[in-house]
Amino acid sequence: MAVESDITSGLPTNGIGDAEEDDYTGPPPPEADEHGYRILEQPMGTKRPVKVILMGAGASSLNFFKKAEEELEKVEMVCYEKNSDIGGTWLVNRYPGCACDIPSVNYQFTWKTKLWSHYYSYSPEIWRYLKDIERENDFINKYIKLRHQIERAEWDDDAGLWRLKVRNLVTDLVFDDSAEFFINAGGVLNKWKWPDIPGLHDFEGKLMHSANYEEGYDLKGKKVAVIGAGSSGVQIVAAIVPKVEKLYHWVRSPIWVTSAFGHGWAGPDGANFAYSEEQLRYLEEHPDKYLEYRKQIENELNKRFKFIIKGSPESKVARDFARDQMSRKLSTRPDLVSSIIPKNFNPGCRRPTPAPGYLEALSAPNTTVYTDQLQNITPTGFVDHTGAHHAVDVIICATGFDTTWLPPFPFIAYNRSLHDLWTRPTTTTSCNAGGDATTTAATLSITSYLSIAIPTFPNHFSFCGPYGPLGHGSFMPLVETWTRYMFAAITKLQTEHIKSLAPRMDASRDFRQHADLFLQRTAWTQGCSSWFKQGKKEGQVAVYPGSRLHFLELLKAPRWEDYEIHYWSGNRFAWLGNGFEVREEDGRDVTYYLGLLGEKDRQPEYGEELVERMAGWRLGEGSVVTGSQMC
Numbered sequence: 143m144a145v146e147s148d149i150t151s152g153l154p155t156n157g158i159g160d161a162e163e164d165d166y167t168g169p170p171p172p173e174a175d176e177h178g179y180r181i182l183e184q185p186m187g188t189k190r191p192v193k194v195i196l197m198g199a200g201a202s203s204l205n206f207f208k209k210a211e212e213e214l215e216k217v218e219m220v221c222y223e224k225n226s227d228i229g230g231t232w233l234v235n236r237y238p239g240c241a242c243d244i245p246s247v248n249y250q251f252t253w254k255t256k257l258w259s260h261y262y263s264y265s266p267e268i269w270r271y272l273k274d275i276e277r278e279n280d281f282i283n284k285y286i287k288l289r290h291q292i293e294r295a296e297w298d299d300d301a302g303l304w305r306l307k308v309r310n311l312v313t314d315l316v317f318d319d320s321a322e323f324f325i326n327a328g329g330v331l332n333k334w335k336w337p338d339i340p341g342l343h344d345f346e347g348k349l350m351h352s353a354n355y356e357e358g359y360d361l362k363g364k365k366v367a368v369i370g371a372g373s374s375g376v377q378i379v380a381a382i383v384p385k386v387e388k389l390y391h392w393v394r395s396p397i398w399v400t401s402a403f404g405h406g407w408a409g410p411d412g413a414n415f416a417y418s419e420e421q422l423r424y425l426e427e428h429p430d431k432y433l434e435y436r437k438q439i440e441n442e443l444n445k446r447f448k449f450i451i452k453g454s455p456e457s458k459v460a461r462d463f464a465r466d467q468m469s470r471k472l473s474t475r476p477d478l479v480s481s482i483i484p485k486n487f488n489p490g491c492r493r494p495t496p497a498p499g500y501l502e503a504l505s506a507p508n509t510t511v512y513t514d515q516l517q518n519i520t521p522t523g524f525v526d527h528t529g530a531h532h533a534v535d536v537i538i539c540a541t542g543f544d545t546t547w548l549p550p551f552p553f554i555a556y557n558r559s560l561h562d563l564w565t566r567p568t569t570t571t572s573c574n575a576g577g578d579a580t581t582t583a584a585t586l587s588i589t590s591y592l593s594i595a596i597p598t599f600p601n602h603f604s605f606c607g608p609y610g611p612l613g614h615g616s617f618m619p620l621v622e623t624w625t626r627y628m629f630a631a632i633t634k635l636q637t638e639h640i641k642s643l644a645p646r647m648d649a650s651r652d653f654r655q656h657a658d659l660f661l662q663r664t665a666w667t668q669g670c671s672s673w674f675k676q677g678k679k680e681g682q683v684a685v686y687p688g689s690r691l692h693f694l695e696l697l698k699a700p701r702w703e704d705y706e707i708h709y710w711s712g713n714r715f716a717w718l719g720n721g722f723e724v725r726e727e728d729g730r731d732v733t734y735y736l737g738l739l740g741e742k743d744r745q746p747e748y749g750e751e752l753v754e755r756m757a758g759w760r761l762g763e764g765s766v767v768t769g770s771q772m773c
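Remember, the working numbering sits 142 above the position in the sequence shown when you count from 1.
The structure is reproduced here in structure tokens:
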């Protein structure tokens, strides 16, 4: 038989509790005070339903869905994805040699580990890993709307909602949607761009961009031009040089071609390698050793931040190692040694460009390397800097992405667009024969908050926005950290009767001031062109000012003192409600603070045993202590 938790059954009474009804006869308590404030008739901790709209169905959204199902309550989710499937960059980037520069075992979620085929996995395998997560959890049917593109997002302050215009790319119909939260999970490198080369689109052969490559296209025996020597370009060149009849390639700016992340565990000379069956079986049979293996590689990744610091012993070692390695591999091309090895910036100014086989490809007999500007494209080929024409069958543009951080649609809060917030007009005056000419242009000037939020844009978060850890190692642990931070904000808004929260402008400016000064200590501010700096030598360096551990520690919990918070009530404590806490009604343990029975947070159904053994009234009058004997 269950016993009531107050165990009053059978107790002697003194008459105080005999009344069956409340005997209070005074006036009823007021429903409101003289200012019109009313008690919110709900227990403290009540979560109101909210909706979250996410943009982009890559790794970030998949982690968000998985963890939201485990940790959040009363949250409706929808994700709009412009592509025909999930996977983001690993869906669309299928060019030859496309692989992750992070060791596979560290490019995975902590809650979903697998045995990988290669040390540095190729794009299709990474996409299959993400697709397996989606299929196992049925996320497309639950939350993801494929072939849908957001075309406008504007904050409605009266309603406390983001109002969105969304286009169905299959039907071409535009519809409205709204949500309390709008999250950018679209990634950094998602808007690829063609190079500005005269005649490019007059070419009558096969023209492809690395981010829109026709998977499976046969290059065997063809004459191919590869424009661009960034991360994609170097992987393409290394992969296709054995197949093509002739390869033309441009390296317009000096680059450090370095060993990849985690090269201490890689193959000979930092090469990729396929795990042996014996190695995979060992990891499968010894999960503790698999964790240790991942931790040792991650340890190496975390140490790399030191070589980013200008003047550090580690930066000198990294520079000397990279120079010696490049000089050795280009020993038959002294002209390239002098022209492409950087002289005025250190490794890390651009994201490290690991490319096993790339330097060897530059010296291959079927390769012509240009360090001068391409003049123009013709219907049948290109004209080089000397004016000579060369016929080619294929042109591959590995020319990167729009990295201005601005969305491709109007994004507005409080009648001000993000474009207006993040750009400022600059005026230049030039002299010519007709007199002085004045030109006004917009210059990017980004002020964000800890990479995750934007001042004056409420209830909005980003996975790796400006000033994020872009060159700091594996993306996956960062995704899990951003997600936990967002959950804290969502839960706070749900439970504290909050309409909106956004970083304060003064806090965001303070963060930028610190970041910009610290970044002067790093290779990122040296004289290279980098997508970290919007593709410019002198662009704004919007990279996190610290190590990866520094970042993970900072984002463990939100600094609410940095936020401007608006409440639905004029009283910030209205969420205290009717004087009770929600666990007093929802069946959880009301004495949780003493510890949980059986590690389960639910109210126990207590039996009679302890009452029979421990209740003092069972002992009778002879056990009663009175007077001075009481403490």
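Glycine included, C-beta positions come from ideal geometry on N, C-alpha and C.
Because the structure is a prediction, the values reported are computed rather than measured.
Cβ neighbours of residue i in the same chain (closer than 6 angstroms, five flanking residues each side left out)
i: K287; result: Y222
i: G328; result: M197, G198
i: Y432; result: L425
i: T510; result: Y390
i: F323; result: V194, N601
i: E296; result: R305, I554
i: C670; result: F487, C491, R492
Beta-carbon proximity check, residue i vs residue j, cutoff 9 angstroms
i: D514; j: K364; result: no
i: F206; j: I325; result: yes
i: T585; j: P567; result: yes
i: S711; j: L272; result: no
i: W129; j: S593; result: Nothing in the structure corresponds to residue 129, since the chain is present only between 143 and 773.
i: N441; j: A241; result: no
i: Y609; j: Y686; result: yes
i: W123; j: R492; result: No statement about residue 123 is possible, as the shown extent of the chain runs from 143 to 773 and does not include it.
i: I482; j: A665; result: no
i: F403; j: I244; result: yes
i: L204; j: I275; result: yes
i: L643; j: W547; result: no
i: G615; j: L443; result: yes
i: P552; j: F487; result: no
i: Y591; j: D704; result: yes
i: A503; j: H260; result: no
Cutoff 8 angstroms; reference residue i; Cβ partners in own chain excluding five residues on either side
i: N508; result: V383, V386, E387, K388, L389
i: P484; result: P396, I397, W398, C491, C670
Chain-order list of residues whose beta-carbon lies under 7 angstroms from that of residue i (same chain, five-residue window excluded)
i: V766; result: none
i: I378; result: Y237, P238, G239, S352, V368, I538, A540
i: V247; result: W258, Y435, R436, I439
i: L342; result: W336, I519
i: S454; result: K448
Top-ranked residue by Cα proximity to residue i, from the options
i: S457; options: R663, E173, L738; result: R663
i: R475; options: S505, A497, D274; result: S505
i: L697; options: Y627, Y262, A716; result: Y627
i: A716; options: A174, T667, G168; result: A174
i: A699; options: S672, A321, A631, F722; result: A631
i: G347; options: A533, A757, K452, F553; result: A533
i: F447; options: R730, G613, V330; result: G613
i: F605; options: V330, A530, S263, N225; result: V330
i: G499; options: A381, R646, L311; result: A381
i: L422; options: H531, K256, E278, D344; result: K256
i: A235; options: Y512, G358, P489; result: This sequence places Asn at residue 235; Ala is not what is there. Checking every option, the nearest Cα to that of N235 belongs to G358.
i: D299; options: T598, M647, Q655, E680; result: T598
i: E741; options: D731, E750, Y748, A301; result: D731
The beta strand (DSSP E) enclosing residue i, as first and last residue numbers
i: G523; result: 523 to 525
i: R423; result: Where R423 is concerned, there is no enclosing beta strand (DSSP E), although the alpha helix (DSSP H) it sits in stretches over 419 to 427.
i: R755; result: Not the beta strand (DSSP E): R755 falls in the alpha helix (DSSP H), residues 751 to 756.
i: T125; result: The question about residue 125 has no answer here: the residues shown for the chain are numbered 143 through 773.
i: E223; result: 217 to 223
i: K348; result: 348 to 351
First through last residue of the alpha helix (DSSP H) which encompasses residue i
i: P457; result: According to the sequence displayed, residue 457 carries Ser and not Pro. Where S457 is concerned, the enclosing alpha helix (DSSP H) stretches over 455 to 471.
i: H561; result: 560 to 564
i: P619; result: 618 to 637
i: N205; result: 201 to 213
i: Q655; result: 647 to 661
i: Y271; result: 265 to 279
*Between the region 182 to 192 and the region 637 to 653, do at least 3 Cβ pairs fall closer than 8 angstroms?*
yes
*Would you call the region 611 to 623 and the region 248 to 257 touching, i.e. three or more CB-CB distances under 8 angstroms?*
yes
*How about the region 347 to 362 and the region 224 to 236: do they share at least three Cβ pairs that are nearer than 8 angstroms?*
yes
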